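Each residue of the sequence shown is one higher than the one before, counting from 8 in the working numbering. Ideal Cβ placement from N, Cα and C applies to all residues, glycine included. Computed from a prediction, not measured in an experiment: that's the story for all the values here. Worksheet for the structure shown next.
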Amino acid sequence: MNGRSRSATGTRVVMIILDAMPDRHLDPARTPNLWRQAATGTRADGGGVSLPVSVTYANHAAFVTGADPAVTGVHGNHTWIDGEGWILSPDAGPRAVTLFDRVAAAGGRSVLIAGDQHLVRQMGAQRADHVWPPAGEPPEGAGRCAHGYLVDAEVVEAARRADLHADLVVLHLNEVDTVAHDHGPDSQAALDQHRATDAAYGRLVDLLADGWERTVVLTLSDHDQEPVTDQRPVALLDAVASLPGLSAVSEGTALLIHGAIGDRERTAILAVDGVEGVEELAAGVWMAWTVPGRVFTPSRPSLGGQHGSPRCRAQLAIVSGGHPRVDDIGRWLAGRRPSALYWAPLVADLLELPPLADPAPPAGGAG
Ligand SMILES: [Zn+2]
């Protein structure tokens, strides 16, 4: 049944990531499959906690590396690389050893199936044994959402066709994020999508039935969303451009800034209408964020929801499965709000993966 898994116990860890699924919207009637996993396993009360910038790409990198953005530079949907500036995070990749690397080095087998095709590069999953969409390119004719990502039904079908007997399986459903951006995270459309994505999640869990007794399921989301009530962009990008030595990029309701921020710069930033706060994340890297309801760059006139600010850091976090260690992990999880950086070390421990040194430091400093 499981000839290619490496661990003596045949342990299988499955991370199922529901993009932008709000922990606060779990409900026994609307999301019965998530509710069942929480009831039979353990759910972090109040959810886990994302990286400071509550966006997709940095948090997915964190899930599979456990590496701090202060080291990798992968702070948000943009990564700081000295000499290059802010670049799109999927182009930078995870910039640290991933669980896919470690499973491969240990002679094991891993799988990634993702609704957001850019996660293949972002999570370093080119190293996985089975990757969908192949090479991160959506197949011709595959169902895509309005934002160009693969719909949940395609992910379920790809999982159904895949061999899920592996040491590590990472599955990602994207549609909640798309609908929350378009209509708002608390809209009827979003609630309806929670129901639909929960059903897709239930089908993914059903695919794990063979081998359930050796399976740990980590059900996560990367961030929440917040409603956008005022489409006028907060003019901080322009204000930062007028301050020498600073370089900024929008992360929705957050803004990443590289450079030296002293009293003068801080005063100028906080004076911009619609800015709520600014804080240092790492040496020379800062984030600012909007007041509720505002965004730094609207992507469309009718943007209903956005994320990036500290208000969207709650992550769904459920540990379930039939593996004997699920109860122990659950006892640890009860009463805690685990960081996005917690999961990769846990998975490495469950799979008994030896440490793997970075083959070379990431090119360029990480600011
Ligand atoms: Zn996301």
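Would the beta-carbon of Glu27 be found less than 6 Å away from any heavy atom of ligand 1? Note that residue 27 is Ala in the sequence shown, not Glu. Result yes, Cβ under 6 Å from ligand 1.
Apart from the five residues on each side of it in sequence, which residues of its chain come closer than 7 Å, Cβ to Cβ, to Ala74? Ala103
I'd like to confirm something about Thr260: is its beta-carbon nearer than 6 Å to some heavy atom of ligand 1, or not? no
Do Trp87 and His265 have their beta-carbon atoms positioned less than 7 Å apart in this structure? Contact: yes.
What did DSSP end up calling Glu161 once you bin it into helix, strand or coil? helix
Flag Asp189 as yes when its Cβ comes closer than 6 Å to any non-hydrogen atom of ligand 1, and as no otherwise. no
Is Asp231 close to ligand 1? I mean its beta-carbon at under 6 Å from any heavy atom of the ligand. no
Write down the C-beta distance between Pro361 and Ala113 rounded to the nearest angstrom, noting that I regard them as a contact closer than 8 Å. 6 Å
Beta-carbon within less than 8 Å of Pro39's beta-carbon, same chain only, minus the 5 sequence neighbours each way: which residues are those? Asp205, Gly209
Between Leu211 and Ile24, which are expected to be in contact by the criterion C-beta below 8 Å, what is the C-beta distance as a whole number of angstroms? Their Cβ separation, rounded to whole angstroms, is 11 Å, which puts Leu211 and Ile24 out of contact at 8 Å.
Excluding five sequence neighbours on each side, which residues of the same chain lie with their C-beta closer than 8 Å to the C-beta of Ile268? Leu253, Ile276, Val285, Glu287, Trp293
How many angstroms separate the CA atom of Gln238 from the CA atom of Ser309? 8 Å
Beta-carbon proximity of Ile325 to Arg50, cut-off 7 Å: yes
Just tell me which of Ala77, Arg109, Gly83, Leu106 has its CA closest to the CA of Asp98. Gly83
Among the candidates Gly155, Val177, Arg168, whose CA atom is the shortest distance from the CA of Met130? When only C-alpha atoms are compared, the closest one is Val177.
How long is the line joining the alpha carbons of Glu272 and Trp219, rounded to whole angstroms? 55 Å
In terms of residues, what are the limits of the beta strand (DSSP E) holding Ala295? It spans 292–297 - the beta strand (DSSP E) in which Ala295 sits, taken as one unbroken run.
Just checking, does the region 336–344 make contact with the region 241–255 on the three C-beta pairs under 8 Å criterion? no
Start-to-end residues for the alpha helix (DSSP H) that takes in His188: Segment 182–190, the alpha helix (DSSP H) holding His188.
With respect to 6 Å, is the separation between the Cβ of Thr63 and the closest non-hydrogen atom of ligand 1 below this value? Under cutoff, so the answer is yes.
Do you know how far the Cα of Ser194 is from the Cα of His201? 11 Å
Quick one: using the 10 Å Cβ neighbour count with 16 as the cut-off for buried, is Gly312 buried or exposed? buried
For a test of your reading of the model: does the CB of Asp184 fall under 6 Å from any non-hydrogen atom of ligand 1? Yes or no. yes
In the DSSP assignment, what residue or residues form a beta bridge with Pro234? Gly312
Assuming contact is defined by CB atoms lying nearer than 7 Å, are Arg221 and Thr18 in contact in what I supplied? It is a contact, given that the beta carbons lie within the stated cut-off.
Helix, strand or coil for Arg50? Go by DSSP, reduced to three states. Three-state result, Arg50: strand.
Can you list the beta strand (DSSP E) stretches of 3 or more residues lying completely in the region 73–110, in chain order? 85–88, 92–95
Determine the contact status of Asp108 and Leu363, defining contact as a CB-CB distance below 7 Å. Closer than 7 Å, so yes.
Terminal residues of the beta strand (DSSP E) in which Thr226 lies: Looking at the DSSP string, the run of the beta strand (DSSP E) that includes Thr226 is 222–227.
What separation, rounded to the nearest whole angstrom, lies between the Cα atoms of Asp245 and Ala278? 13 Å
Only counting the same chain, and skipping five residues up and downstream in sequence, which positions put a Cβ closer than 6 Å to that of Ser346? Val56
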